[in-house]
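Protein chains: 2
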Amino acid sequence: MSKYVYFFGDGQAEGSGEMRNLLGGKGANLAEMTAIGLPVPAGFTLSTEVCTAFYANNRNYPAALEEEVAEHLRRVEVLMGKSFGDRDNPLLVSVRSGGRASMPGMMDTVLNLGLNDETVQGVIQQSNDPRFAYDSYRRFIQMYANVVMGLHGDALEDIMEEMKDERGVELDTELSADDLKQLVTLFKNKVKESLGRDFPSDPYEQLWGAIGAVFGSWMNPRAVTYRRLHSIPAEWGTAVNIQSMVFGNMGEDCATGVAFTRNPSTGERLFFGEFLVNAQGEDVVAGIRTPQPINKAGGDGSLPSMEEVMPESYAQLMQIQDTLERHYRDMQDIEFTIEKSKLYMLQTRSGKRTSKASIRIAVEMEKEGLITEKEAVLRVSPEQLDQLLHPSLDPNAAKEIIAKGLPASPGAACGEVVFCADEAEAEAKLGRNVILVRIETSPEDIHGMHAANGILTARGGMTSHAAVVARGMGKCCVSGCGDIKVDYQQEQFTTRGGQVVRKGDIITLDGTTGEVMLGQVPTVQPELTGDFNDLMTWVDKYRRMKVRTNADTPHDSKVARDFGAEGIGLCRTEHMFFEGERITAVREMILAADLEGRKAALAKILPMQKGDFLGIFREMKGLPVTIRLLDPPLHEFLPHSDSEIEELAKGLNVSARVLQDKVESLHEFNPMLGHRGCRLGITYPEIYDMQVQAIMEAACELVKNEGFDIVPEIMIPLVGHVKELAILKANAIRVADEVIERYGVKVEYLIGTMIELPRAALTADEIAAEAEFFSFGTNDLTQTCFGLSRDDSGKFLPYYVEQEILPNDPFVAIDQSGVGELVRMGCEKGRAARPDIKLGICGEHGGEPSSVIFCHKIGLDYVSCSPFRVPIARLAAAHAALMDG
Amino acid sequence: MSKYVYFFGDGQAEGSGEMRNLLGGKGANLAEMTAIGLPVPAGFTLSTEVCTAFYANNRNYPAALEEEVAEHLRRVEVLMGKSFGDRDNPLLVSVRSGGRASMPGMMDTVLNLGLNDETVQGVIQQSNDPRFAYDSYRRFIQMYANVVMGLHGDALEDIMEEMKDERGVELDTELSADDLKQLVTLFKNKVKESLGRDFPSDPYEQLWGAIGAVFGSWMNPRAVTYRRLHSIPAEWGTAVNIQSMVFGNMGEDCATGVAFTRNPSTGERLFFGEFLVNAQGEDVVAGIRTPQPINKAGGDGSLPSMEEVMPESYAQLMQIQDTLERHYRDMQDIEFTIEKSKLYMLQTRSGKRTSKASIRIAVEMEKEGLITEKEAVLRVSPEQLDQLLHPSLDPNAAKEIIAKGLPASPGAACGEVVFCADEAEAEAKLGRNVILVRIETSPEDIHGMHAANGILTARGGMTSHAAVVARGMGKCCVSGCGDIKVDYQQEQFTTRGGQVVRKGDIITLDGTTGEVMLGQVPTVQPELTGDFNDLMTWVDKYRRMKVRTNADTPHDSKVARDFGAEGIGLCRTEHMFFEGERITAVREMILAADLEGRKAALAKILPMQKGDFLGIFREMKGLPVTIRLLDPPLHEFLPHSDSEIEELAKGLNVSARVLQDKVESLHEFNPMLGHRGCRLGITYPEIYDMQVQAIMEAACELVKNEGFDIVPEIMIPLVGHVKELAILKANAIRVADEVIERYGVKVEYLIGTMIELPRAALTADEIAAEAEFFSFGTNDLTQTCFGLSRDDSGKFLPYYVEQEILPNDPFVAIDQSGVGELVRMGCEKGRAARPDIKLGICGEHGGEPSSVIFCHKIGLDYVSCSPFRVPIARLAAAHAALMDG
């Protein structure tokens, strides 16, 4: 028979930290903390298998579960010396979710469970504090009614606000025990009135209701969204943790707090956190009261720290955090409660951190001997680097600072102000940059936070929902900005200085300083620290795959090389066709009546194109450069509107009618599947001839005049059949060898192809007979494999991703089972036919970590990505290699 | 050491009929005929391996070849009692190509080789006929100069025409021996003058020149075109046959002829052919003189037959043709020559025939006990049926007959008159129907004949180039139409009756009667004979795959069922959306602002769509019907021009602006890869719901009211990911089961999908978990696999096919290594996941024989094709099954 429930308490635990998949992160860590002797309130965990069984079995629990829960509850009662539902000495419990991966704020929690009109008397008796007892009771009803019974949160909040108004008080804490007792009755009446059923008084009914709510919440839209954003499979399920309550809100010798063993923003090795006296944990996280710093070093002196207020507990906590970090060998995010001066640990987990912190912590831990180089590399997630590599505010730029909040998540962001998540999403879909401004955020805002460039909240600390989630997303956030007053109604906020900022106005956030500025402030490139360089040295030591860049200009080539690019994987020559006077020559070529006319126009383009290659080769000296010959259909170089056509016709000295006819004759129903790529090279060989000539002349000149070492890789795009490549390769060799002979130098060059059509992947063995390298063009391959036009998919693809019809946007992360399968087949067949073939990828997937890891697995030699993603790809490649073994 | 040369002569042969691949068809048959004791002039064959080696080795012969040829030549000399190059008794030879597959007129031939100023004296001595000797000599120079040396044919022809003008004669035969002798000198001078080198007098130099020309001609453009049209690989190569000359032009006791052992047009068991007295074989085939019939039964009495003129030779020939047919067990196409009353067999090969003849011969031979049922089935090529199944002229229609020629290739054709092959091709590319009218055709006209609907020639018999090629193509042809006078200059022809028909005028040909009619004459469906039915009975007995049809209307369904369709493989519901008032409702649906609006519009379409299904189900009673839910993007249902939009806006009572906006918002860059297929079903589930409801209501009503047996197969198009299908299947089941319950009847139904995207094929195992059947949509699969838009490929695909970059147009014959590989994988994975899954194909490949055979090989359950191609697919399926075992 399966075991579904795992006990922990008093140094004994049935689970352990290893059992994360079964017990969830929280449950595993509670077991682990218990086992290593830390003070953890006793409790037990319903494993994720219950969740799986629950959904597999039409939302029914396994038969044995009820008895198993009852048995474990008895064990907790014995240990705590309390009895669940007992009117004299009642055991109260918390019910919390806890999945395999941390999903902050996404899952529902119920505290103080077990309270009813009878047991509340027992709590009064035990605590000798009726106000505390009724406060706990009314909190329980509020939470339970909302989370378990589905009553809208405002319904009870409004009753309490009314009472505060009546009593003429502002804070919850100013309400008396009687007020709170009355609230309990009012709340229960409201529940009955709104939902048509009584608030459950039976503690067991409460317990099973809460368990059901946790499992049920696994499939609520917020959780589903979060999983989608973080690629967490629904099959993982969540565990449920049931744990004895301890109270941080039983008086001034009580407190609750959250802390990080190192600074999650900078990575500095400094115990860092916040706490609130006489409060429950949710008060810290929800950001309703602004919390105090845990120690003097972490505060600004405006509020007394725990180190000062509760020195003994602080010393104990310091000890514990050190134990935890050494035990887990990673920076921990902990929650604790002090009840009547006794410290309890409620949670520990690997702490979320900024990319900067992530790198610093990893590198310093390695230096401290806590972890190895390899572990340090694996500690930094490639996605995080994105944040680090993005620009920050230009320190020399003029800034009109209108407010200042907490530096909750670093980076700079700029955009139009919006005040609600839906609007943020809608505007972002239109391509606008927006800053989401909220009094505070909640899980309902996730989609808007995701869509926004940055987040600004008026309330909440460094561990508030907004701060935690924004850091997770690598998104700039300023939280707890008390300087601003947000008016949702008027769609504006007012600063302390009286500045009114309305919806649509542009502001800039600096998530590293907490500053809010009016208008757009210029940014500068990120400065990469010594830690970053240390880490990347290790990264390069452990990865197998090379990382190249996609670059079409000398400037981009230089940026990428500075970021560690080891060559160019894709130089798109068509971009060179659009610039300045070139486009005129290109248009002349298209309009030419015959071969001679086309050749004359191409002769004008040749020196310009050659100049581009000279610049790029110089930047990439000593490294390989893959140049793709012309790819887009010719109509892309012609104007389309009548007025543009008229103007161009004048410029080219042809009649508008002739030009119009040409535009029409080149029109295509499906340009993506049209006369482009090597099909142009086949029908207009003179175009590719010119390009090959330009490439080889540039290479030969450098070899001849500048002592260069360069191996141009000439890439033929959109090959579907080996004969296309065979013909174009023969042409290219003819032109290249003619140039080489003319210059009288020795230049090696390779000729290869993009594999970007399913047919090319399917017949890669045939194609490899001609190709010296393959570069998988996974953008186009995704379009053809899915039959999905990137330009047209906006009408349904977002819906597909939202509804989890597709696990990811396949243009972002490679679709491993479809597109990836073609790439895998292409590699296998390519290598079978030509064992030394060079294999790479140059689609945008080349800079997306999960795709890079996939590329490693199937054995590619390199990935190529945009310059700013080069370090991400390097790190992902190292992860892939280290995960290998 | 390899053997390259194979001897035949005097009952001895080193080769045999089996060695077709090595010796070519002609060489193998010469060996075979020799071996079975028929009178064949001695000779030898250079095998196809010489050709392969020649091209593999940069156009050089194998080292041993020269000696081997010399040795075999000596053997022939001994046997014939003549000596090659001997001035007293010279051996003359013919040099002919002969590939594995018959390629009429495509390869070059040289006759009378061995003649020079000295040996011609020997011929005079032996024949005692100087006129014959010089005529042979001048013919040899003409042929050799043209074929081997590359002199334009007209160059020498003009000299001869001049001489005839000078002599005041009309026919070649009217020139004297002296004239001809003089011509020889003039010809040689002209060669020297035009080519700058002497005409070779050394017989060995002549011989090797001719051998080289034959091998060289394997790669000439005409041969390449023919191979492309007939899917003959270049790797097969050609053999060269060198054979002692015999002469049908040595006097009135000489003759030459070609004949078929049965009538190639009707299939009647009647020896059928033509001959010319005192002529060489080329005279019959080229159609310069109108030949006489071989027997009384085959003629119209206007010319004396061989049976009457040369009764003894005729009797011998009758005997031989009977031997040959019994030996080869197939209708033979033979060539013979009578030299001084002695009969020689020059060639036998399987005779080309019309589809009608093909069927009759196969069925009758089976009844005669010559062949088995299976052989009979294999004797009829599926491609041929196309011809048979096409309409013929309505016998009751008024016809303005303006001329009559020979019924060279049956069927009816109608189109605009054009006078040159290039023009025929150009016009056909524009989608026009054309009739190619020529004085006579030559291999240079092949591409035009292919492009034309029908061919009309003024000269040439039933075995002329035009007739033979047209029959091979299954194309209507009227040849030898002496009633017309063609004027290429004026681009017109004039009939005997004075009717002038100009380029662009429409005429109709009846290839079965030889009639030429002015204007377009209505046609009727073909009447399928008893032979056809006998054959198709055998076909159905031996095939494994089912054949369904693609039909969207009750009418098409009926036609297809009459042709033997065993169900509908593809019923496209969108065609039903375009008709009459439906399109208005469809447009209302598209323009509806919300779900309710769409539902209201769909409710109007429901009864109409249901009516369609009722009609189709009734025609298909007892057979499966696969209905594809809506596939095209919605913008296809809206107008696009401003005026149409304005008009429609009025009709729908909306502003043109609103309609314009909708049209613009629905615009797609790549509609092929856009918001269509199941993507519509996902985003607008109400559309598919309506369609499923219509299908199921129709089925239920028939079951309830008409005692029907029908299993609707609901097909979801364009699935790329199994979840799409899972969602839409669940919707369909909900709607279908609701309908079934409402009607209270039992109706089984299947839900499956099109596999028409590479991703679907690659993940077919996952998709098969939801799909009860797969129908491979190879049209779209070809587009996505190749990245090739069918609509846009016109700018390069014809060039690709022409240049043999692709072996075939992949939209016509399935691309087996790319698209076919996806289909194969799809089948394999689909069956692995669901062993009883139904697998079929519904692209246009389903009616193309090579594709049908491929479908059989990979294990499909059925193919589906357009109604007229159903018998073709049935026959191809039988061929596939018979070739299997």
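So the sequences go chain by chain: A and B. Residue numbering for the first sequence follows this note's numbering, starting at 4 and increasing by one per position. Residue numbering for the second sequence follows this note's numbering, starting at 4 and increasing by one per position. Backbone N, C-alpha and C define an ideal beta-carbon position, used for all residues, glycine too.
Nearest-angstrom Cα separation, counted from residue j out to residue i
{"i": "B:S234", "j": "B:N223", "result": "16 Å"}
{"i": "A:I571", "j": "A:V550", "result": "9 Å"}
{"i": "B:G654", "j": "B:L662", "result": "11 Å"}
{"i": "A:G254", "j": "A:V280", "result": "8 Å"}
{"i": "B:N266", "j": "B:G850", "result": "29 Å"}
{"i": "B:G199", "j": "B:N192", "result": "10 Å"}
{"i": "B:D740", "j": "B:F789", "result": "40 Å"}
{"i": "B:E74", "j": "B:M36", "result": "22 Å"}
{"i": "B:W541", "j": "B:T766", "result": "38 Å"}
Check whether residue i and residue j have beta carbons under 8 Å apart
{"i": "B:K602", "j": "B:E709", "result": "no"}
{"i": "B:E716", "j": "B:G755", "result": "yes"}
{"i": "B:A883", "j": "B:I844", "result": "no"}
{"i": "A:K85", "j": "A:L94", "result": "yes"}
{"i": "B:G354", "j": "B:M334", "result": "yes"}
{"i": "A:E403", "j": "A:M520", "result": "yes"}
{"i": "B:A880", "j": "B:H848", "result": "no"}
{"i": "A:S482", "j": "A:L409", "result": "yes"}
{"i": "B:I405", "j": "B:G500", "result": "yes"}
{"i": "A:A563", "j": "A:V826", "result": "no"}
{"i": "A:C257", "j": "A:K343", "result": "yes"}
{"i": "B:I817", "j": "B:S854", "result": "yes"}
{"i": "A:G284", "j": "A:Q209", "result": "no"}
{"i": "A:I861", "j": "A:M718", "result": "no"}
{"i": "A:A697", "j": "A:G723", "result": "no"}
For residue i, the first and last residue of its enclosing beta strand (DSSP E)
{"i": "B:I509", "result": "509–513"}
{"i": "A:V440", "result": "437–441"}
{"i": "B:L373", "result": "Segment: none, B:L373 is in no beta strand (DSSP E) and carries neither H nor E."}
{"i": "B:R505", "result": "503–505"}
{"i": "A:G251", "result": "From DSSP, A:G251 is part of no beta strand (DSSP E); its letter is neither H nor E."}
Residues that DSSP places opposite residue i in a beta bridge
{"i": "A:E277", "result": "A:V261, A:P296"}
{"i": "A:F10", "result": "A:F47"}
{"i": "B:C480", "result": "B:S412, B:I458"}
{"i": "A:G338", "result": "Correcting the residue identity first, residue 338 of chain A is Glu in this sequence and not Gly. A:V261, A:Q350."}
{"i": "A:F776", "result": "A:K841"}
Residue range of the alpha helix (DSSP H) that includes residue i
{"i": "B:C788", "result": "781–789"}
{"i": "A:A104", "result": "A:A104 -> no alpha helix (DSSP H), and no H or E assigned at all."}
{"i": "B:Q696", "result": "688–709"}
Q. Quick one: any contact between the segment 360–374 of chain A and the segment 533–544 of chain A, if contact means 3 or more CB pairs under 8 Å?
A. The segment 360–374 of chain A and the segment 533–544 of chain A touch, with no fewer than 3 CB-CB distances between them shorter than 8 Å.
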